[in-house]
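Position in the sequence shown (from 1) plus 51 gives the number in my numbering.
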Amino acid sequence: MLIAQISDLHVAPDESFMRKFVDANELLTRAVEYLNTMTPRPDVVVATGDLTDHGTADEYVMLGEILGGLEIPLYLLPGNHDEPDVLRAVLGTPDYVTGPTFDYTVEDHAVRLVAIDSTTPGRHDGELDAAQLLALEARLREQPDRPTFCFMHHPPFETGIWWMDCIGLTGARDLEAIVRRNPQVRLVVAGHVHRPVSTVWGSTLLFTAPSTAHQTAMALHDDCPPRITTEPPMLAFHQWTGDGFVSHATVFDKEGPDLNIAELVGDWPSAKASILERGPMHKGSSAVG
């Protein structure tokens, strides 16, 4: 199963500051086109928050128009830049959301998808309260042997980017304890920090996706000013192999051509067959590594 992750879309009107820095709307449109034309296509797409820049009705209309072109099942979550009530009012409540928050579970795929709503009304930092954590653990205990993929907006760990960590997640340690008690949770993904960052809790991988709009500068000490950059927009992909997840971050809006290494090899069919044998690959062989 292949899960695509789009995060921190920041859809905004033409006159906004964000659209003057990067055209987040156009970049999201290109991301949708990229996903639709992939071979093979992802089985699902999860959107991990900051769907819009200000959470206005006009922005959700724009968001709906762009994401309406996606030809792959989509599961979304709000982020701190969103207004969930406005999202529901404009786009309707998705069928997979059955309660007052965006905490939900999807059972229709090879891996169980568990959404965790980390947003807090009126605040940029996130929080998981006691009732929410209790309900989450009950959901996980329903199927202790089924591989599970959890997704949320705020990362439940310190990334080292100080100004993002300061608007992080209250309740992260309690979530960690729950995940450690439920090792069927093989991967927890988030957004919020606009960078690919990873860590582990026991046997569980944690990963934050880069943004489809702009990235955050890698500022690893508190003397660094908070900066956003025009590093390339990116998508994340999480491949379930049957034994675990393998996660990738990739640029979807790049400049310049690719170089087909096969064209550099005189006898590519033989070289490919040799590579596929996975045996020793001696230097000076026709295969390129």
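Just so it is clear, CB atoms sit at the ideal spot from N, CA and C, and this is done for glycine as well. Note that the structure is a prediction, hence the values are computed from the model and not measured.
Exercise. Is the segment 145-152 touching the segment 106-118, taking contact as three or more C-beta pairs under 8 Å?
Worked result: no
Exercise. Would a C-beta distance cut-off of 7 Å place L128 and T88 closer than the cut-off?
Worked result: Along the sequence shown, one-based indexing puts residue 128 at 77. Along the sequence shown, one-based indexing puts residue 88 at 37. No, they are not a contact pair.
For this session: Evaluate contact between the segment 307-314 and the segment 237-250, counting only Cβ atoms and requiring at least three cross-stretch pairs below 8 Å.
Result: no
For this session: Within 10 angstroms of the Cβ of G177, are there 16 or more other Cβ atoms? Answer buried if so, exposed if not.
Result: Numbered from its first residue, the sequence shown carries residue 177 at position 126. Answer is buried; the Cβ neighbour count reaches 16.
For this session: Tell me the start and end of each unbroken beta strand (DSSP E) in the segment 225-310 that is at least 3 residues and wholly inside, in chain order.
Result: 236-241, 248-252, 255-259, 285-291 and 296-302
For this session: Consult DSSP for F202 and reduce its assignment to one of helix, strand or coil.
Result: Against the sequence shown, residue 202 aligns to sequence position 151. DSSP places F202 in strand when its eight states are reduced to three.
For this session: Please report how far the alpha carbon of T376 lies from the alpha carbon of I279, in whole angstroms.
Result: Since the first residue of the chain shown is 52 and the last is 340, residue 376 is not available in this structure.
For this session: Only counting runs of 4 or more residues, tell me where the alpha helix (DSSP H) segments fall wholly within the segment 104-192, in order along the chain.
Result: 108-118 and 135-142
For this session: List the endpoints of the continuous beta strand (DSSP E) containing A322.
Result: Here residue 322 refers to the residue found at position 271 when the sequence shown is read from its first residue. It is not in any beta strand (DSSP E) - A322 instead sits in the alpha helix (DSSP H) that spans W319 to L327.
Exercise. From which residue to which residue does the alpha helix (DSSP H) around T80 run?
Worked result: In the sequence shown, residue 80 corresponds to position 29, counting from 1. Looking at the DSSP string, the run of the alpha helix (DSSP H) that includes T80 is A75 to N87.
Exercise. When you compare only the Cα positions, how much space is there between P234 and S67?
Worked result: For the purposes of this step, residue 234 is identified with residue 183 of the sequence shown, where counting begins at 1. For the purposes of this step, residue 67 is identified with residue 16 of the sequence shown, where counting begins at 1. Between P234 and S67, the C-alpha separation is close to 43 Å.
Problem set entry | Backbone CA spacing between P145 and D180 [nearest angstrom] | Locating residue 145 in the sequence shown gives position 94, where the first residue counts as 1. Locating residue 180 in the sequence shown gives position 129, where the first residue counts as 1. Cα to Cα, P145 sits roughly 23 Å from D180.
Problem set entry | Range covered by the beta strand (DSSP E) that runs through I57 | In the sequence shown, residue 57 corresponds to position 6, counting from 1. L53 to I57 is the span of the beta strand (DSSP E), which, as asked, contains I57.
Exercise. Which residue comes first and which comes last in the alpha helix (DSSP H) that contains R197?
Worked result: For the purposes of this step, residue 197 is identified with residue 146 of the sequence shown, where counting begins at 1. Taken as a continuous stretch (DSSP letters only), R197 belongs to no alpha helix (DSSP H), as it is neither H nor E.
Problem set entry | Contact the segment 224-232 vs the segment 258-273: 3+ CB pairs below 8 Å | no
For this session: Would you mind stating whether A300 and A287 have Cβ atoms separated by less than 7 Å?
Result: Here the question's residue 300 lines up with position 249 in the sequence shown. Here the question's residue 287 lines up with position 236 in the sequence shown. Yes. Within cutoff.
For this session: Taking F200 and I54 to be in contact with their CB atoms under 8 Å, please state how far apart those CB atoms are, rounded to whole angstroms.
Result: Here the question's residue 200 lines up with position 149 in the sequence shown. Here the question's residue 54 lines up with position 3 in the sequence shown. Yes, F200 and I54 are in contact; Cβ-Cβ is about 6 Å, under 8 Å.
For this session: With a threshold of 16 other CB atoms inside 10 Å of the CB of E134, please say whether the residue is buried or exposed.
Result: Here residue 134 refers to the residue found at position 83 when the sequence shown is read from its first residue. Per the 10 Å Cβ criterion, buried.
For this session: Please look up how many angstroms separate the CB atoms of I14 and L86, rounded, as I've assumed it's under 8 Å.
Result: One cannot answer for residue 14 here, as it falls past the ends of the chain, which runs 52 to 340.
Problem set entry | Own chain partners of V230 with C-beta closer than 7 Å, once the 5 adjacent residues on each side are dropped | In the sequence shown, counting from the first residue as 1, residue 230 sits at position 179. These residues qualify, in order along the chain: V236, V239, W252 and T255.
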